[in-house]
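*Asks:* For reference, the structure I am asking about is given below.
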Amino acid sequence: MLSVDQASVYFATRDGRTVQALDRVSFDIPDSGFVVALGASGCGKSTILNAIAGFLPLSEGTITLNGRPVSGPGADRGVVFQKDTLLPWKTVIENVGLGLKFAGIGRAVRRDRVEELLRLVGLADFAAAYPYELSGGMRQRVGIARALATEPEILLMDEPFGALDSLTREQMQELLVGVWKRTGKRIFFITHSIEEALFLGTQVLVMSPRPGRIVGRFDPPFMRQFAESGDARAVKTAPEFAELREEIRAMLHATDTVRRDAA
Amino acid sequence: MSEITQDTVLRPDQLHTHTQSQPLPRPVRTVEMTSFGIAGRPTAAISLVTAVVILSAWWATSWLGLVSPLFLPAPAEVVTQFANIYRDGYAGASLGEHLFASLFRILTAAAIAISLAIPIGLLMGVNRVAKGVLDTPIEFYWPLPPLSYLPLMIIWLGIGETSKITLLTLAMFAPICLSAQAGVRALPIERINAARSLGASRFQLFTDIVFPSALPEILTGVRIALGIGWGTLVAAELIASTRGIGFMIMSAAQFLATDVVFVGIFIIAACAFSSAAAIRLLEAALVPWKGRT
C-alpha cells in the first residue's frame with residue numbers, strides 16, 4: 001500500500017512570495033491499484049508524483065510505502081517520464097538493464113530478465129537498437145520496461161504518452177493495460193486527458209489548480225472491462241463512458257478559476 | 001480519363017509500393033524545401049579548387065620573379081629543401097628527431113591536460129565548493145596568452161622539457177575543463193532523476209550518467225585544446241631549445257632560410273590537421289549519438 005497523507009507543498013517564488021502548489025492531498029494506492037491524477041497544468045499532479053518519487057520533499061504531510069516513509073529516490077519506485085530519458089549511448093537492452101546494473105546484478109542474469117521485459121512490451125526484436133533509431137512510442141515502451149526491471153513496488157508515470165500522436169497513444173494505453181494485467185503492478189499515472197484517465201484508472205483523482213487539490217474521486221469500471229473484453233472502442237463509445245467524461249469535464253471547468261474570473 | 005482515375009485513386013497498400021519503387025513514366029522535376037546557408041551540401045570540391053588556385057598563384061609569382069626568393073621561395077625549392085632536411089637533418093638533428101621532440105611535448109602535455117581537466121571540470125560542474133575555489137585561478141589565467149607567462153615558467157622550472165610541457169599543459173587544460181563544465185550544465189535533470197530512481201549511487205551517477213553525457217562537449221574541448229597546443233608549441237620551442245619543429249622554424253628565420261621556414265610550417269600544418277582528424281574519428285566512434293537525441 002502506498003499512502004499519501006495530508007501532503008502540502010509550498011514553493012518560494014523568485015520575488016520572495018510563497019505559493020502553495022499542493023493543498024492537503026490524501027489518497028491511497030492499494031495493491032494492483034491503477035490511480036490516475038487528472039487535471040490541467042498547475043494543478044499539482046506532477047508535484048505529487050515528484051514527491052512520491054522522492055525528487056521533492058513535502059512541506060507538510062507524509063508519504064509511506066508499505067508503512068515506511070519515503071525519503072529520496074529509490075529503485076522501489078519506478079518512474080516513466082514524459083520526455084524520454086533513455087541514455088543515447090546505450091542500446092535498448094543496456095538501457096532496460098540499467099537499474100539491475102546499478103544493483104550489481106551480473107550480465108547474464110540481467111540479459112534474461114531484460115529479454116523477458118522486452119517481450120512484455122513487444123520490443124524483443126529491438127534489443128540491439130539505439131534509442132535514436134526508435135520512434136517516440138517505442139522509446140516510451142523501453143522506458144516502461146526499464147522502470148519495471150528493478151521490480152518496483154509502484155510504477156509512477158508522468159504524462160508518459162503526452163508527446164505521442166493520438167493513434168500511438170491509444171496503442172500505448174492498451175499496451176499498458178496489458179502490462180498491468182500481467183504484472184499486477186501498482187500504478188500512479190498523470191494525465192490531462194479525461195478520456196485517458198477514464199480508460200486507464202481504477203481510481204481517478206480529479207485535481208484543480210491554485211492551490212493543487214483533489215476535487216473529485218471516481219472509480220471507473222472501464223479499464224477492467226477492457227482488460228476482460230479487449231475491445232477498446234466498445235468501452236470508449238459506451239454511453240456510461242461519455243456520461244462520466246462529460247461529468248468530469250464540467251467539474252474541471254467549474255474549478256478553473258482563471259476561466260471563472262474572466263467570465 | 002479512366003486511366004488517370006486508376007492511377008490517382010490507390011488503396012493504401014498500393015500507394016506505398018507506388019511511391020517507393022515503381023519507375024515513373026516520364027522524367028519529373030523533383031523539388032525540396034528552400035534551405036538557408038550551406039544546409040549540408042558538399043564543399044570539398046570548392047575547397048580543392050581553392051587549394052589549386054593558391055598553389056598556382058604561388059608558383060606563378062615565383063616563376064615570374066615578382067617577389068624575391070628571400071621572401072617567397074618557389075614551391076620546387078621548398079620541396080627540395082624538405083628532401084635535404086629529410087636526408088641530412090637540420091642544426092645537428094634529423095627531421096625525425098625534431099618531429100619526435102615536438103610530438104613528445106604536445107602529446108605528453110595533452111595526456112596530462114586531459115587526465116586532469118576532465119575530472120576537475122566535471123567536479124566543478126557538480127560541486128559548489130570545487131567550482132567556487134577553482135574558478136578564481138582558472139578564470140584568471142586562461143584568457144592570458146601562453147607566451148606572456150612563458151618567461152615565468154622558465155624562471156621557475158628552467159629551460160628543460162618541464163617548462164615547455166607545463167606551458168602546453170596549462171594552455172590545453174582550460175578549454176577541456178570549461179567544456180567538461182558546460183557538458184554537466186547541459187545535462188537534463190530528468191536524466192539524473194531517472195538514474196536516481198533506478199537506484200544509482202552518487203559514484204554510479206558520476207561514471208554512468210554525468211561523464212558519458214558530457215563526453216560530446218569534452219571531445220569538442222579536446223579538439224580546441226589541440227589547436228591551441230600546436231599554436232603554443234612554436235612559442236614554447238622559441239626559447240632555449242635545440243630540438244623541435246618550432247625551433248627549426250625560429251632558427252631558420254634567423255638565417256633568412258625562408259624555404260626551411262616553409263617546410264616547418266607545412267609539417268606543423270600536417271600534424272595539426274592529423275590531430276584534428278583523429279579527434280573527429282574518435283567522436284564518430286565514441287559519441288555516434290551526438291546531435292541525434
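So the protein lines, in turn, are chains A and B. Per full-length UniProt numbering, the very first residue in the first sequence carries number 1; after that it's consecutive. Per full-length UniProt numbering, the very first residue in the second sequence carries number 1; after that it's consecutive. Here a beta-carbon is modelled for each residue, glycine too, at the ideal position from N, C-alpha and C. Keep in mind the model is a prediction, meaning the values are calculated, not measured.
(1) Residues in its own chain within less than 8 Å of residue 310 (chain B) by CB, not counting five upstream and five downstream?
(2) Taking C-beta pairs closer than 7 Å, name the residues in chain A that glycine 199 (chain B) reaches, listed in chain order.
(3) Give me the Cβ distance between alanine 252 (chain B) and glycine 264 (chain B), rounded to the nearest whole Å; I'm assuming they're in contact under 8 Å.
(4) Determine, using beta carbons only, whether tryptophan 89 (chain A) comes closer than 8 Å to chain B.
(5) How would you write the range of the beta strand (DSSP E) that aspartate 23 (chain A) sits in, first residue to last?
(6) DSSP three-state call for glycine 78 (chain A): helix, strand or coil?
(7) Look up glutamine 254 (chain B) in the DSSP assignment and give the residues it is bridged to.
(8) Starting from arginine 191 (chain B), find everything on chain A with Cβ-Cβ shorter than 8 Å and list it in chain order.
(9) For the beta strand (DSSP E) that contains serine 208 (chain A), what are its first and last residues?
(10) Would alanine 53 (chain A) pass as an interface residue toward chain B - the criterion being a Cβ-Cβ separation below 8 Å?
(11) Hey, residue 298 (chain B) and arginine 223 (chain B) are a contact pair by Cβ (cut 8 Å); roughly how many whole angstroms apart?
(12) Sort out for me which residues DSSP pairs glutamate 60 (chain A) with in a bridge.
(13) At which residues does the alpha helix (DSSP H) containing leucine 95 (chain B) begin and terminate?
(14) Taking the beta strand (DSSP E) that threonine 34 (chain B) belongs to, which residues open and close that run?
(15) Measure the CB-CB distance between threonine 183 (chain A) and glycine 99 (chain A) and report whether it falls below 8 Å.
(16) If we ignore side chains and look at the alpha-carbon of each, how far apart do residue 317 (chain A) and alanine 127 (chain A) end up?
(17) What number of angstroms, rounded off, separates the C-alpha of serine 274 (chain B) from the C-alpha of proline 27 (chain B)?
(18) So what's serine 3 (chain A) in DSSP terms, helix, strand or just coil?
(19) Got a sec, what are the start and stop residues for the alpha helix (DSSP H) leucine 118 (chain A) sits in?
(20) So that I know if they touch, is there some Cβ in chain A lying closer than 8 Å to that of glutamine 181 (chain B)?
(21) Find the nearest neighbour of valine 25 (chain A) within the set A:Leu65, A:Ala124, A:Thr47, A:Ala238, judged by alpha-carbon distance.
(22) Pick from B:Tyr90, B:Phe104, B:Ala171: whose alpha carbon is nearest that of leucine 116 (chain B)?
(23) Using the three-state DSSP reduction, which class does glycine 136 (chain A) fall into: helix, strand or coil?
(24) When DSSP labels each residue in this structure, what does aspartate 15 (chain A) get in the three-state scheme?
(25) Could you list which residues in chain B have their beta carbon closer than 7 Å to that of glycine 78 (chain A), in chain order?
(26) With 8 Å set as the bound, which would you pick, yes or no: does the beta-carbon of phenylalanine 81 (chain A) sit closer than that to a beta-carbon of chain B?
(27) For the stretch 108 to 128 of chain B and the stretch 172 to 192 of chain B, state whether three or more C-beta atom pairs, one from each stretch, are separated by less than 8 Å.
(28) Under 8 Å between C-beta atoms, does alanine 214 (chain B) make it to chain A?
(29) Bridge partners for isoleucine 190 (chain A) per DSSP, in chain order?
(30) Identify whether arginine 26 (chain B) lies in helix, strand or coil by the three-state DSSP scheme.
(31) Report the neighbours of alanine 186 (chain B) on chain A: residues whose CB is nearer than 7 Å to its CB, in chain order.
(32) Would a check of beta-carbon distances place alanine 194 (chain B) closer than 8 Å to chain A?
*Replies:* On the basis of the coordinates in this document:
(1) Outside the displayed range of chain B (1 to 293) lies residue 310 (chain B), so it cannot be described from this structure.
(2) Residue 199 (chain B) sits at position 199 when you count from the first residue of the second sequence. Chain A residues near glycine 199 (chain B): Gly74, Ala75, Gly99, Phe102, Ala103, Thr150.
(3) Position 252 of the second sequence, counted from the start, is the residue given in the question as residue 252 (chain B). Position 264 of the second sequence, counted from the start, is the residue given in the question as residue 264 (chain B). Right, their Cβ atoms sit about 7 Å apart.
(4) By 1-based counting over the first sequence, the position of residue 89 (chain A) is 89. Yes, contact with chain B.
(5) Locating residue 23 (chain A) in the first sequence gives position 23, where the first residue counts as 1. Its beta strand (DSSP E) spans residues 18 to 29.
(6) Here residue 78 (chain A) is taken as the residue at index 78 of the first sequence, counted from 1. Here glycine 78 (chain A) sits in strand by DSSP.
(7) Looking up residue 254 (chain B) in the second sequence gives position 254. The partner list for glutamine 254 (chain B) (beta bridge, DSSP) is empty, contrary to what the question assumes.
(8) The residue given as residue 191 (chain B) occupies position 191 in the second sequence. The answer, in chain order, is Thr85, Leu87.
(9) Residue mapping note: residue 208 (chain A) aligns to position 208 of the first sequence, counting from 1. Element bounds for serine 208 (chain A): 203 to 208.
(10) Within the first sequence, residue 53 (chain A) is the residue found at index 53, counting from 1. Judged by the 8 Å Cβ criterion, alanine 53 (chain A) is in contact with chain B.
(11) What the structure shows of chain B is the stretch from 1 to 293, and residue 298 (chain B) is not part of that stretch, so it cannot be assessed.
(12) Position 60 of the first sequence, counted from the first residue, corresponds to residue 60 (chain A). Note: glutamate 60 (chain A) sits in a beta bridge opposite A:Ser8.
(13) Mapped onto the second sequence, residue 95 (chain B) falls at position 95. Run containing leucine 95 (chain B): 95 to 126, per the alpha helix (DSSP H) assignment.
(14) Numbered from its first residue, the second sequence carries residue 34 (chain B) at position 34. Run containing threonine 34 (chain B): none; DSSP gives neither H nor E here.
(15) Counting from one through the first sequence, the residue named residue 183 (chain A) turns up at place 183. Counting from one through the first sequence, the residue named residue 99 (chain A) turns up at place 99. No; because the gap between Cβ atoms is not below 8 Å, this pair is not in contact.
(16) In the structure as shown, chain A starts at 1 and stops at 263, and residue 317 (chain A) therefore has no counterpart that could be examined.
(17) As a first step, residue 274 (chain B) is located in the second sequence; it is residue number 274 there, counting from the start. As a first step, residue 27 (chain B) is located in the second sequence; it is residue number 27 there, counting from the start. Their Cα atoms are separated by approximately 45 Å.
(18) Numbered from its first residue, the first sequence carries residue 3 (chain A) at position 3. Here serine 3 (chain A) sits in strand by DSSP.
(19) For the purposes of this step, residue 118 (chain A) is identified with residue 118 of the first sequence, where counting begins at 1. Element bounds for leucine 118 (chain A): 107 to 120.
(20) Reading the second sequence from its first residue, position 181 is the one you call residue 181 (chain B). Output row for glutamine 181 (chain B): interface = no.
(21) Numbered from 1 along the first sequence, position 25 holds the residue referred to as residue 25 (chain A). Cα-wise, what sits closest to valine 25 (chain A) is A:Thr47.
(22) Counting from one through the second sequence, the residue named residue 116 (chain B) turns up at place 116. When only C-alpha atoms are compared, the closest one is B:Ala171.
(23) Locating residue 136 (chain A) in the first sequence gives position 136, where the first residue counts as 1. Note: glycine 136 (chain A) maps to helix in three-state DSSP.
(24) Within the first sequence, the letter at position 15 stands for residue 15 (chain A). In this structure, aspartate 15 (chain A) counts as coil in the three-state DSSP scheme.
(25) Taking the first residue of the first sequence as position 1, residue 78 (chain A) is located at position 78. Ser197, listed in chain order.
(26) The residue you call residue 81 (chain A) lines up with position 81 of the first sequence. Judged by the 8 Å Cβ criterion, phenylalanine 81 (chain A) is in contact with chain B.
(27) yes
(28) Residue numbering aside, residue 214 (chain B) sits at position 214 when the second sequence is read from its first letter. Not one chain A Cβ lies under 8 Å of alanine 214 (chain B).
(29) Walking along the first sequence from the start, residue 190 (chain A) turns up at place 190. Bridge partners of isoleucine 190 (chain A): A:Ala37, A:Asp158.
(30) The residue given as residue 26 (chain B) occupies position 26 in the second sequence. If DSSP states are grouped into helix, strand and coil, arginine 26 (chain B) belongs with coil.
(31) On the second sequence, residue 186 (chain B) is found 186 positions in, with the first residue counted as 1. By Cβ distance, chain A contributes nothing, its closest Cβ being about 13 Å from alanine 186 (chain B), past 7 Å.
(32) Here residue 194 (chain B) corresponds to residue number 194 of the second sequence, with the count starting at 1. For alanine 194 (chain B), the answer is yes, since a Cβ of chain A falls inside 8 Å of its Cβ.
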